[in-house]
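Single-structure report; data block below.
Protein chains: 2
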Amino acid sequence: MVSGSDGGAGQAARPRRADAQRNKEALLDAAAAIFVRSGVEAPVRDIAAAAGVGTGTIYRHFPTRAELIIAVYRHQVEACAEAGPALTASSASPYAALGGWISLFVDFLITKHGLAAVLQSDNADFATLHSYFLDRLVPVCARLLDAAAAAGEIRSDIPPIELMRGVGNLCIGASGNPDYDARRLVGLLVAGLRLPQ
Amino acid sequence: MVSGSDGGAGQAARPRRADAQRNKEALLDAAAAIFVRSGVEAPVRDIAAAAGVGTGTIYRHFPTRAELIIAVYRHQVEACAEAGPALTASSASPYAALGGWISLFVDFLITKHGLAAVLQSDNADFATLHSYFLDRLVPVCARLLDAAAAAGEIRSDIPPIELMRGVGNLCIGASGNPDYDARRLVGLLVAGLRLPQ
DNA sequence: TGCTAAGCGGAACAAGGTTCCGTATCGTTA
DNA sequence: TAACGATACGGAACCTTGTTCCGCTTAGCA
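Protein sequences, first through last, are from chains E and H. Counting in this note's numbering, the first sequence runs from 12 upward without gaps. Counting in this note's numbering, the second sequence runs from 12 upward without gaps.
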């Protein structure tokens, strides 16, 4: 659930004052709404204005833009991570589980306008965002990859982190672009993993 | 030297004054050097300083940062475009020609720190850069793709532009990153194109 | 040797992220 | 319930980066 907004592993402590807690939630709500409308690159000032707070308030709750983005998508990243083992259990084969999970990840990325781009940016400001995604999801991917490799369905020489970054990269610029179907390209990539029977 | 420096298709006219021409060349040389050292995202001011000119001078010769980048890489993009037909003639099969050409393109991109990222950015400022690359290279790619599809070696449902963008995306963040081998991933993608014999 | 269009430099502007600090407010305590 | 100190707030100010503007300089021609 993560409902209480935090309490998770490396998350900042809940504010002591009720108004601060309210502002934090207003900020998360406003940011989520604006990210949908304008993408994750929306200016901090716009988010602050939508939440009815000053820019300083954003920075007290979220030390950088990247942390705000992480907080907004934390639930969904968690859900994606948790779907890994579930898919292993419910799929016909390890390869099918891998494909299903990657498809989930792709759906997540391409519905978040601009997220994929910011994720791969080598801009130091987004290092936190980058590592959060990777730390949480790479191990899940690694398990799926290992299982499929162990079953002899795919090559075993692709590092999980490389596959994740590749998939992430393929999702860049996919939102609402009629002549770029990221799903299809990721499909190609995953097909390329297969070993000949 | 950047020799003739222009005279190409849609290029701006050569300046009337000798000093202007010298500045333009100094700018191209300085930009090339800085792009190697700091990547294509280097600030305009740094490039101007390195060339020993004011920022205004950059903008007279290159209306935007993107046009400067285009000018710096024009030769290499041309060379890449021209390699397409050559590979078709010299390769064992259409599929081999396609693979060889894409490999050339990937080498070009990953040796240009940050170019791939800026290429795919949906930032309107780089639309010119984006379209220059696409206009010049997509037709070349299309021919290679068509030939391989006609020979029955690969699927025929992937639009050339999509493949190009996919390959470009996979090259993002590849420069000097030890745990991301873009060449390998592009190899996977191209392998995914194959039809079973 | 002048004249003038072409070209130059860099200050100024816009936009975006982040920091700072005086002020307002919460929540506790007397 | 009134006062007080810690907590939080707002938004002006700062920094960086792309781009524009404009008064001054100079190449090239007559």
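Built from N, CA and C at the ideal position, the CB exists for glycine as well. All values reported here derive from a predicted model rather than from experimental measurement.
Asked	Found
What are the partner residues of R71(H), as DSSP defines its beta bridges?	Beta-bridge pairing links R71(H) to no other residue.
Is any beta-carbon of chain E found at less than 8 angstroms from that of R147(H)?	no
Report the neighbours of I165(H) on chain E: residues whose CB is nearer than 8 angstroms to its CB, in chain order.	Per Cβ cutoff of 8 angstroms: no residues; I165(H) is ~10 angstroms from chain E at best.
Can you check which of these residues, A128(H), G203(H), T66(H) and L140(H), is closest to C182(E) by C-alpha distance?	A128(H)
Compare the Cα-Cα distances from P96(E) to each of A185(E), Q208(E), I172(E) and D157(E) and report the closest residue.	D157(E)
From the DSSP output, read off the bridge partner residues of R205(E).	I165(E)
Closest to Y191(H) by CA distance: which of A90(E), L98(E), P189(E) and M175(E) is it?	M175(E)
Taking the straight line between their C-alpha atoms, what separation do you get for A20(E) and N34(E)?	Confidence at A20(E) is low in this model, with a pLDDT of 35, below 50, so the placement of that residue should be treated as unreliable; the coordinate-derived value is given next. Their backbone Cα atoms lie some 22 angstroms apart in a straight line.
Mind pulling the chain E residues with CB within less than 7 angstroms of P170(H)?	D190
Helix, strand or coil, according to DSSP, for S102(H) in the structure here?	coil
Please list the partners that I240(E) has in chain H, where partner means a Cβ-to-Cβ separation under 8 angstroms.	Past the boundaries of the shown model lies residue 240(E); chain E is included only from 12 to 208, so the question cannot be answered.
Give the residues of chain E in contact with E173(H), contact being defined as C-beta atoms less than 8 angstroms apart.	D190, Y191, D192, R195 and L196
Where Q32(E) and V197(E) are concerned, what is the direct C-alpha to C-alpha distance, given to the nearest angstrom?	40 angstroms
Can you name, in chain order, every residue of its own chain whose Cβ lies under 8 angstroms from the Cβ of G75(H), other than the five neighbours on each side?	Here residue 75(H) is Thr; the residue named in the question, Gly, does not match the sequence. For T75(H), where only same-chain residues beyond five positions count, the Cβ hits under 8 angstroms are D136 and T139.
Could you say which of R147(H), L206(H) and R195(H) lies nearest to Y84(H) if we only look at CA atoms?	R147(H)
Since F73(E) and A60(E) should fall inside the 8 angstroms C-beta cutoff, what is the C-beta to C-beta distance between them, to a whole number of angstroms?	At roughly 16 angstroms, the Cβ-Cβ gap does not stay under 8 angstroms, so F73(E) and A60(E) are not in contact.
When DSSP labels each residue in this structure, what does A185(H) get in the three-state scheme?	coil
Going straight from the alpha carbon of A185(E) to that of P150(E), what length do you get?	25 angstroms
Distance, Cα to Cα, V51(H) vs R194(H)?	21 angstroms
Flag R176(H) as yes if its beta-carbon sits less than 8 angstroms from any beta-carbon of chain E, otherwise no.	yes
Have a look at G179(H) and L120(H) and give me their C-alpha separation to the nearest angstrom.	7 angstroms
Please name the residue, chosen from A160(E), S102(E) and A94(E), that lies closest to F116(E) on a Cα-to-Cα basis.	A94(E)
Just to confirm my understanding: we take S114(H), look at its own chain, exclude 5 residues before and 5 after, and list those with CB closer than 8 angstroms. What are they?	R194 and V197
If you draw a straight line from the C-alpha of A162(E) to the C-alpha of L155(E), how long is it?	11 angstroms
Take Q208(E) as the anchor and find which of R166(E), G67(E), G110(E) and G187(E) has the nearest alpha-carbon.	R166(E)
Using the Cβ count rule (16 or more neighbours within 10 Å means buried), how would you classify V201(E)?	buried
Taking A128(H) as the query, report the chain E residues whose CB atoms sit under 9 angstroms from its CB, ordered along the chain.	A128, Q131, S132, D133 and I183
Output yes if chain E places a C-beta closer than 8 angstroms to the C-beta of L140(H); else output no.	no
In the segment 23-97 of chain H, which residue ranges form an unbroken alpha helix (DSSP H) of at least 4 residues, counting only runs that do not cross its ends?	29-49, 55-62 and 66-72
Tell me, to the nearest whole angstrom, how far the beta carbon of Y106(H) is from that of E164(H); I am working on the premise that it is less than 8 angstroms.	4 angstroms
Give the single residue among K123(H), P171(H) and L206(H) whose Cα lies nearest to the Cα of R244(H).	Since the first and last residues shown for chain H are 12 and 208, residue 244(H) lies out of range.
Between L199(E) and L204(H), how many whole angstroms is the CB-CB distance? I'm expecting something under 8 angstroms.	6 angstroms
Determine whether the beta carbon atoms of L79(E) and A42(E) lie at a separation below 8 angstroms.	yes
Starting from A77(E), find everything on chain H with Cβ-Cβ shorter than 9 angstroms and list it in chain order.	Per Cβ cutoff of 9 angstroms: no residues; A77(E) is ~16 angstroms from chain H at best.
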